[in-house]
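Visitor: Just dropping this structure here.
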């Protein structure tokens, strides 16, 4: 079967992954409304393409926090990559480096952050973390990430408790015994996730800032009010995210929330978005609405499930080609020409 | 089969209840548009969740008419619980007490109100009544309810005549001979419902008030005009309800009507809502839009059908857990923090 | 099978009528969008029901052009009733009289207007006509209708040419040889319909007026502009109609067009509507939006197909019961209490 | 099977064409959203039909750039007609001439433009072209077209690169070896389409103008901004087109884009539209919204696939009959009476 678009990888992963792993990756909270809305919301945005602009030389590179990437698509933090491919996050890191883009490694990786770093030296990587009840544990992770060459810290703020994902409850999901959350080994049991601290507030941003000189990117913001607070608390970037629809069901689609966050931020920090990206033209829409870069979650896992590092590169390459083509067909030769004039919200 | 969410109980009840009983509980008037809209309307409401608020200590208790309940979900009045479980309303009363919430017993119970009281002494209960052509019969019921420790009277006003529920007509629905409408025994035949008085007007509220010192809650209000009249006629509470879509088809979904009723009432009396609640996040939406508490009808019956008192407790516990989790994920640690800022109406 | 609602009659007719007859009655023009929209548009209207109004004595009678009918539902003109029942329009006339309502007999009846009159003396009947190229033929029909006791003339204006009904073309629909368009016998071939004059204009209303003292009702108006012209040309009534979606596809649903016609007419003449009425509550909606009465087309044919005169009475009786119940549940005890406050247009 | 409407031809073509050819003709870019929207958007437009206007003599002729055509429907440029019928574009040319309408021959024809001309001398034809990297090749085509009697040049501007049509990629679509892109024979390989120049800008319109006295029609405009630029650069006509949804997916439906283009152009040049025309009433809608004429793409191919020249005439004749009937039923006796008052956008 030819792999022509991202749905082909999804179909492959659904067919070949063990059901419990597929269900875990696919899961959304409750009725999965928000998970599905993330995708549907892109369909309600229409392009206003411009013609007869010289698009013979296309430049799709961009920079995030000063680092150049080959195109504005990075890898969002997702857990347990060994469920998709034996080499797990090491393959992810290699694919991201090969494609010259950014990989946000999850705390809940099945490889340690040191292993991830060693697997693809020189790649652009950020480290995703939660704040634990045991602040020392978080502190250790920050220091290890900094020492291992990660260039940004992504603080996830939408998981004071884990969302209710019905299939995981039905399946009694837990990691197979031969896989470990390597970053936290010995520290605590994974499945309960009790170590995460639900009392975290905005003040903890200051504490985190005090630990590191790495830029802090806050992930999980969905409202203008929280975007304003994030800027005021000194973060360097915001990822508009609803955790792939896995936390609070029936919140906004991320592409819809992006609009209000971008408006509130007024360019003071970089804004990114994840959730629902399935085509290169989705990337173009997100950029037109003010995102500096997007991150893909499940599609990266489908790529891994298909052929590990190589499969993920296939996914990224398809997105890259589609993004470049969409840009050209919309009349933009470089990322700097993308703007809000390219899109309008459909009334339907 | 694991019971993970309320739909699991629905599927169980549909599978194991006799068809005629399932049809009776499930029935909506005419095309069942309003019955289904009650659910769909919740899906059109989107959360605006806030992050990084201390949600380590969650307080989901509330008070209705001065009585504390463990969380803002009570049992709406529905008839004929013995169709779902042999012990009928006695089990319902026990489950409500065990979960420390309010149970509104229906006039059309298959246990008498005295039996209900005796089954769960000390539980918070309101009694639902209609006004009969024979006013003495209504008067008797009010006095018996007061004497049996019921703490509120819920007057249903949307049933001057019974709605046209096609399946009940086709099935020739009537109570099996071994079940009785115990509260009315001897007084009249049940199936015709002719005893209800279609000439009742707002003035009858004064008459009802003259009979009892119990608070009067009016159930079945759907417009601002009637909400204003209810307040002026001195009721203590309003339940926004369309009788589960069993009366006038193609009226508003209750969650939509709630908005205009809350606006009209301006805090002068408590406002509740029933119809369409299927998840803890629906409760959160109703509270965000101004309801003090919600009541569940069919889901309670599904719980009874599953395992009687225990099954209903399961249903309530799931709703409670989901409500608590939704609150936390939306950034609210106590019911008092819930407000309209948490929601917006989707345009789709 | 119990006949509980109008869809039951539809299902029966679809099952038992010859396909060619069913197709002819069911046909809409082109994609049948307007035919189906007539029904869907009712679903987008929501009631705002009022409670606690004395509805113990219900009065559902109304008057059209001064004649009292038992409830505001008449029989719209449709052709070829013998396709549905051997006695054809004679049965229709008898059923309408039995239910004390108005029957608009079609020019394209399979009984002559004299036969129709003789079948149910004393019934309230209007006669529907087109203007023919041969004006004398039209004149004859008018005089015969007047002589036979018809009390109104309904001029259909939306058929300068016959709409394209694909199934009729595929079926090669034509009347079976043993049926005749009795009103026009000898005058011309039916299937081509060429006798109708596509050059008719508003001035022909004056000509028609000059022929008769009967009130003239114009059928097929869909815009405020034409409603204004109709009033200015002295008609006594307007039937908002799109010919059951059989003429121009993708025009407005009649209940939507009713709103603008009623607004334009400002009470100067009576306004009626046909198309899409399937439940008593649809009648209530039409009256709330300003119709004085509605007319049913296909449902009458289904009733005929079921049991002739008796079947049509069943259909009318069901609509009557449903209309009365809807009124009561919406808080209206008489037709005069119905008003626009009872409805709102859903945004969905 | 009777051919009653255009869908009948579509069904025939889908059944009898080789899959690879059907897929090529049917293909849309990416998710085919825009391809399908082109059709759906027509369904959201409602007529406001007027009654009692003399429609006994219908005149459906119109003029485009001064040439009279029998009705406002021409043949849009599509490639590879031999995939549908052995005689290819020669049949198309003959059918267009027989129906007295305009045929826009594609550069990517499987007959040369000289063959096309010779097949139907005297027919009204325009020639569609792209601007090639090798400007001399384009120049040659222009001169050959002018020499062969083509009366207009249609410059397609929405294909700097070919859109991603998944089925074509999966099928590895390429012309069968016995077919040739005759207009370009020897010049380059067809399947790569690399000869097209993605550096083309508005200035190239001046270059094209300098080559020929033929009117220039620009095809592929979707925004008011580009419409304004087109007028300023001196084109004689604009075809609002999204290339049948084969280029940038999720741009606007053409009938929606038509509105803004017509507004911007303010009558300074003629505006046409293609995409989604499936019924005569679609033609009427496009004209009501300001198009001077519409062009059909896929339906013409279905006609060819059915019976070559004769099949395409059938398609055109059906559209013509439907258009005439729609006009009459909407109250217009000639094209000049068609205006915006005839339509409104449905909110649904």
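Chains as they are written, first to last, in full-length UniProt numbering: chain A, 1 to 348; chain B, 1 to 348; chain C, 1 to 348; chain D, 1 to 348.
Ideal placement from N, C-alpha and C gives every residue a C-beta, glycine not left out.
1. Which first and last residues belong to the beta strand (DSSP E) in which residue 36(D) is found?
2. Using beta carbons (cut-off 8 angstroms, strictly below), is residue 315(C) in contact with chain B?
3. So is residue 189(D) buried or exposed if we call it buried at 16+ other beta carbons inside 10 Å?
4. Answer yes or no: do residue 58(C) and residue 226(B) have a C-beta to C-beta separation smaller than 8 angstroms?
5. Determine the contact status of residue 330(D) and residue 198(C), defining contact as a CB-CB distance below 8 angstroms.
6. Could you give the distance in angstroms between the alpha-carbon of residue 283(A) and the alpha-carbon of residue 230(D)?
7. Could you tell me whether the Cβ atoms of residue 251(A) and residue 222(A) are closer together than 8 angstroms?
8. Taking the alpha carbon of residue 27(D) as the reference point, which residue from 164(D), 206(D), 265(D), 37(D) has its own alpha carbon closest?
9. Between residue 75(B) and residue 296(B), what straight-line distance do the alpha-carbon atoms span, to the nearest angstrom?
10. Could you tell me whether any Cβ in chain B is nearer than 8 angstroms to the Cβ of residue 328(C)?
11. Taking 8 angstroms as the threshold (C-beta atoms), are residue 153(C) and residue 212(C) in contact?
12. Which stretch, first to last residue, makes up the beta strand (DSSP E) that contains residue 285(D)?
13. Tell me the rounded alpha-carbon separation between residue 60(D) and residue 32(C).
14. Considering only their Cβ atoms, is the gap separating residue 242(B) from residue 34(B) smaller than 8 angstroms?
15. Quick check: residue 155(D) and residue 216(D), are their CB atoms within less than 8 angstroms of each other?
16. Tell me which residues share the same chain as residue 191(A) and place their Cβ nearer than 6 angstroms to its Cβ, disregarding the 5 neighbours each side in the sequence.
17. So residue 199(A) contacts chain B; which residues on that side make the cut at Cβ distance below 9 angstroms?
18. According to DSSP, which residues form a beta bridge with residue 103(B)?
19. For residue 338(C), tell me which candidate among 319(C), 55(C), 17(C) has the shortest Cα-Cα distance.
20. Taking Cβ to Cβ, would you say residue 304(A) is nearer than 8 angstroms to residue 311(A)?
21. Looking at the secondary structure, which residues open and close the beta strand (DSSP E) in which residue 277(D) lies?
22. Could you tell me the alpha carbon to alpha carbon distance between residue 42(D) and residue 255(A), rounded to whole angstroms?
23. Residues of chain C with CB closer than 8 angstroms to the CB of residue 325(D), please, in chain order.
24. In whole angstroms, what separates the C-alpha of residue 248(B) from that of residue 346(B)?
25. Using only CA atoms, which one of 301(C), 344(C), 341(C), 335(C) lies nearest to residue 9(C)?
26. Grab me the residues of residue 119(C)'s own chain with a C-beta within less than 7 angstroms of its C-beta, minus the 5 sequence neighbours each way, in chain order.
27. Between the alpha carbons of residue 20(A) and residue 47(B), how many angstroms are there, rounded?
28. What span of residues does the beta strand (DSSP E) with residue 67(A) cover, start to end?
29. Got a sec: is the Cβ-Cβ distance from residue 250(D) to anything in chain A below 8 angstroms?
30. The beta strand (DSSP E) spanning residue 319(D) covers which residue range?
31. Cβ atoms of residue 101(A) and residue 148(A): under 8 angstroms apart, would you say?
32. Who does residue 270(C) pair with in a DSSP beta bridge?
33. Measure the C-alpha to C-alpha separation of residue 326(A) and residue 38(B) and round it to an integer number of angstroms.
34. Any idea what DSSP makes of residue 191(A), helix, strand or coil?
35. Taking any Cβ of chain A, which residues in the region 24 to 49 of chain B have a Cβ under 9 angstroms from it, in chain order?
36. Out of 23(C), 336(C), 333(C), 323(C), which one is the CA nearest neighbour of residue 171(C)?
Guide: Looking at the atomic coordinates:
1. On the fourth chain, position 36 is the one that residue 36(D) refers to. Boundaries around residue 36(D) are those of the alpha helix (DSSP H), 33 to 43, since no beta strand (DSSP E) includes it.
2. Taking the third chain and counting its residues from 1, the one referred to as residue 315(C) is at position 315. Chain B contact via Cβ: absent.
3. Translated into the one-based positions of the fourth chain, residue 189(D) becomes position 189. The predicted position of residue 189(D) is uncertain, since its pLDDT is 49 and thus under 50; a value taken from the coordinates is nonetheless stated next. When all chains shown are included, residue 189(D) counts as exposed.
4. One-based indexing of the third chain puts residue 58(C) at position 58. One-based indexing of the second chain puts residue 226(B) at position 226. When the beta-carbon positions are compared, residue 58(C) and residue 226(B) stay at least 8 angstroms from each other.
5. Locating residue 330(D) in the fourth chain gives position 330, counting from the first residue. Locating residue 198(C) in the third chain gives position 198, counting from the first residue. Result no, Cβ atoms of residue 330(D) and residue 198(C) do not sit closer than 8 angstroms.
6. Position 283 of the first chain, counted from the first residue, corresponds to residue 283(A). Position 230 of the fourth chain, counted from the first residue, corresponds to residue 230(D). Looking at the backbone, the Cα of residue 283(A) and that of residue 230(D) are separated by about 29 angstroms.
7. Position 251 of the first chain holds residue 251(A). Position 222 of the first chain holds residue 222(A). Between residue 251(A) and residue 222(A), the C-beta gap is smaller than 8 angstroms, which places the two residues in contact.
8. In the fourth chain, the residue the question calls residue 27(D) occupies position 27. The option with the nearest alpha carbon to residue 27(D) is 164(D).
9. Counting from one through the second chain, the residue named residue 75(B) turns up at place 75. Counting from one through the second chain, the residue named residue 296(B) turns up at place 296. Cα-Cα distance, rounded: 5 angstroms.
10. What you label residue 328(C) is simply residue 328 of the third chain in a count that begins at 1. Yes, residue 328(C) lies at the interface with chain B (some Cβ there is under 8 angstroms from its Cβ).
11. Taking the first residue of the third chain as position 1, residue 212(C) is located at position 212. Taking the first residue of the third chain as position 1, residue 153(C) is located at position 153. Contact flag set, yes.
12. As a working mapping, residue 285(D) is identified with position 285 in the fourth chain. Careful: residue 285(D) lies outside any beta strand (DSSP E), inside the alpha helix (DSSP H) at 280 to 288.
13. Residue mapping note: residue 60(D) aligns to position 60 of the fourth chain, counting from 1. Residue mapping note: residue 32(C) aligns to position 32 of the third chain, counting from 1. Taking the straight line joining both Cα atoms gives about 24 angstroms.
14. Translated into the one-based positions of the second chain, residue 34(B) becomes position 34. Translated into the one-based positions of the second chain, residue 242(B) becomes position 242. Yes. Within cutoff.
15. Residue numbering aside, residue 155(D) sits at position 155 when the fourth chain is read from its first letter. Residue numbering aside, residue 216(D) sits at position 216 when the fourth chain is read from its first letter. Closer than 8 angstroms, so yes.
16. Position 191 of the first chain, counted from the start, is the residue given in the question as residue 191(A). A caution first: residue 191(A) carries a pLDDT of 44, below 50, which makes its placement in the model unreliable, though a value can still be read off. Same-chain partners within the cutoff: 174.
17. By 1-based counting over the first chain, the position of residue 199(A) is 199. The answer, in chain order, is 54, 55, 56, 57.
18. As a first step, residue 103(B) is located in the second chain; it is residue number 103 there, counting from the start. Beta-bridge partners assigned by DSSP to residue 103(B): 75(B), 125(B).
19. Residue 338(C) sits at position 338 when you count from the first residue of the third chain. With distances taken between Cα atoms, residue 338(C) lies closest to 55(C).
20. If you number the first chain from 1, residue 304(A) lands on position 304. If you number the first chain from 1, residue 311(A) lands on position 311. In this structure, residue 311(A) lies closer than 8 angstroms to residue 304(A) by Cβ.
21. Numbered from its first residue, the fourth chain carries residue 277(D) at position 277. Residue 277(D) -> no beta strand (DSSP E), and no H or E assigned at all.
22. Mapped onto the fourth chain, residue 42(D) falls at position 42. Mapped onto the first chain, residue 255(A) falls at position 255. Going by the C-alpha atoms only, they are around 28 angstroms apart.
23. To locate residue 325(D), count along the fourth chain from 1; it is residue 325. Ordered by position in chain C, the residues that pass the 8 angstroms Cβ test against residue 325(D) are 161, 163, 164.
24. The count along the second chain starts at 1 and reaches residue 248(B) at position 248. The count along the second chain starts at 1 and reaches residue 346(B) at position 346. Cα to Cα, the separation comes out at about 26 angstroms.
25. In the third chain, the residue the question calls residue 9(C) occupies position 9. The candidate whose alpha carbon is nearest that of residue 9(C) is 301(C).
26. Locating residue 119(C) in the third chain gives position 119, where the first residue counts as 1. Excluding residues within five positions, the ones whose Cβ falls inside 7 angstroms are 90, 93, 94.
27. Translated into the one-based positions of the first chain, residue 20(A) becomes position 20. Translated into the one-based positions of the second chain, residue 47(B) becomes position 47. Each residue's alpha carbon lies about 29 angstroms from the other.
28. In the first chain, residue 67(A) corresponds to position 67, counting from 1. 67 to 69 is the span of the beta strand (DSSP E), which, as asked, contains residue 67(A).
29. Along the fourth chain, one-based indexing puts residue 250(D) at 250. At a cut-off of 8 angstroms, the C-beta of residue 250(D) has a neighbouring C-beta in chain A.
30. Position 319 of the fourth chain, counting from 1, holds the residue named residue 319(D). Boundaries for residue 319(D): no beta strand (DSSP E) harbours it, while the alpha helix (DSSP H) harbouring it runs 298 to 330, taken from the DSSP string.
31. Here residue 148(A) refers to the residue found at position 148 of the first chain. Here residue 101(A) refers to the residue found at position 101 of the first chain. No Cβ-Cβ contact shorter than 8 angstroms links residue 148(A) with residue 101(A).
32. Against the third chain, residue 270(C) aligns to sequence position 270. Answer is 237(C), bridged to residue 270(C).
33. Your numbering for residue 326(A) matches position 326 in the first chain. Your numbering for residue 38(B) matches position 38 in the second chain. CA-CA distance, residue 326(A) to residue 38(B), rounds to 41 angstroms.
34. Taking the first residue of the first chain as position 1, residue 191(A) is located at position 191. For residue 191(A), the predicted structure reports a pLDDT of 44, less than 50, and the residue's modelled location is therefore unreliable. A value from the coordinates is still provided. Shown here, residue 191(A) sits in coil according to DSSP, grouped into three states, outside any helix or strand.
35. Taking 9 angstroms as the Cβ-Cβ cut-off against chain A, the residues of the region 24 to 49 of chain B that qualify are 42, 43, 45, 46, 47, 48, 49.
36. Counted from its first residue, the third chain places residue 171(C) at position 171. Residue 23(C) is the option with its Cα nearest to residue 171(C).
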